[in-house]
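Quick note: the sequence shown uses our numbering, first residue 98, plus one each step. Every residue, glycine too, gets a C-beta built ideally from N, C-alpha and C. Because the structure is a prediction, the values reported are computed rather than measured. Since the structure comes first, as structure tokens, the remarks are kept for the end.
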Amino acid sequence: MYCEKCKKRPATLHFTKIVNDEKTEVHLCEQCAQEMGKVNTMFTPFSITDLLSSFFEVGGEGQQTIYGQQALKCPQCGFTFGDIKKTGRLGCGHCYVTFREQLMPILKRIQGRTEHSGKVPKKIGGQIWLSREIKRLKDELNKAVAEEAYERAAQLRDKIRELEGKPVDGQGRW
């Protein structure tokens with residue numbers, strides 16, 4: 098999407114104004130937005146690293162030493178939690194495992210959850226869909242039992258058993 102004013106540069110700032118239930122959207126590049134006075138330049142220079150680093154500022158977490166011991170290091174990349182706090186990035190995929198206890202509350206605060214719910218690779222997509230569907234049906238079953246809707250609960254139970262009995266091949270399909 099290009100800037101609505103100059104029509105040359107990509108629009109990086111998107112403004113939505115709602116007046117009397119009437120919505121107006123304006124899409125501008127940073128330069129045109131500054132010219133129009135839509136952006137206070139004092140607040141624009143920040144990076145995603147700064148944003149993520151601010152979430153890591155949780156009382157005392159990630160200190161370099163804990164009770165006189167050296168801080169935990171990722172065995173694959175050598176990053177410490179202090180390094181993650183400084184850069185706002187993890188050193189490698191194994192850091193998620195190594196620093197799980199420190200990262201979970203932060204990820205939950207940033208994203209609202211600690212479980213991935215987006216796109217998945219096709220090879221294992223069926224398997225993940227199946228486990229999510231079974232979990233959803235079990236939650237629905239518990240709700241039906243709590244509401245004493247036993248016929249619905251029996252149908253859900255049967256559906257769960259059917260799904261749990263389905264084999265999943267190496268391609269993630271039934």
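Query                                                                                                                                                             : Result
In chain order, what residues of the same chain have a beta carbon less than 8 Å from the beta carbon of K272, not counting five sequence neighbours either side? : This structure leaves residue 272 out entirely; the chain is present only between 98 and 271.
In chain order, what residues of the same chain have a beta carbon less than 6 Å from the beta carbon of C100, not counting five sequence neighbours either side? : R106, A108, L125, C126 and C129
Thinking L260 and I225 are a contact (beta carbons under 8 Å), I'd like their distance in whole angstroms, please.                                                : Contact doesn't hold; Cβ gap of about 13 Å is too wide.
Kindly indicate which residue of E245, I181 and E237 has the alpha-carbon position closest to the one of L272.                                                    : Since the first and last residues shown for the chain are 98 and 271, residue 272 lies out of range.
What did DSSP end up calling K102 once you bin it into helix, strand or coil?                                                                                     : coil
Going by Cα to Cα distance, which pick from I207, V123, G185 and M201 is closest to F112?                                                                         : V123
Taking the continuous beta strand (DSSP E) assigned at K120, which residues delimit it?                                                                           : E119 to L125
State the Cα-Cα distance for the pair K240 and Y247, rounded to the nearest angstrom.                                                                             : 10 Å
Give the single residue among S228, R233, A251 and R249 whose Cα lies nearest to the Cα of G262.                                                                  : S228
What three-state label does DSSP hand L110 in the structure shown?                                                                                                : strand
Does the distance from the CB of C192 to the CB of I207 come in under 9 Å?                                                                                        : no
Looking at the unbroken alpha helix (DSSP H) that takes in A250, where does it start and where does it end?                                                       : Y247 to E261
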